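Asks:
In the numbering used here, the protein residues as written are 46 to 136.
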């Protein structure tokens, strides 16, 4: 389990960097979502989308860009894949 956690964090950081670089270098439509097979056991995907969040004490609505990253891993101990998810709110 510790191996999954460390690898997932590493792959999520890598996918975060790839997604942001693609978004900055190309159009947002071209990089809206993508996936990558890191190795035979780890698979990751990301998606950019718009969201509205509540901000401050007055709870005013604020539109933000969100980056969701998910890392999946197959395990020999179960038929269910392990999943790691991370959400980044981009200003």
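Using N, Cα and C, we set each Cβ at its ideal position, and we do this for glycine too.
Please read these numbers as outputs of a predicted model, since none were measured by experiment.
(1) Look at the Cβ atom of residue 113, then the Cβ atom of residue 88, and state whether they are nearer than 8 angstroms.
(2) Answer yes or no: do residue 56 and residue 93 have a C-beta to C-beta separation smaller than 8 angstroms?
(3) What does the alpha-carbon distance come out to for the pair residue 79 and residue 99?
(4) Please report the residue range of the beta strand (DSSP E) in which residue 106 lies.
(5) For residue 90, which residues does DSSP report across the bridge?
(6) Looking at C-alpha atoms only, which residue of 118, 104, 110 and 117 is the closest neighbour of residue 132?
(7) Per DSSP, residue 96 is paired with what?
(8) Who does residue 135 pair with in a DSSP beta bridge?
Replies: Let's see:
(1) no
(2) no
(3) 28 angstroms
(4) 105-118
(5) 80 and 115
(6) 110
(7) 109
(8) 110
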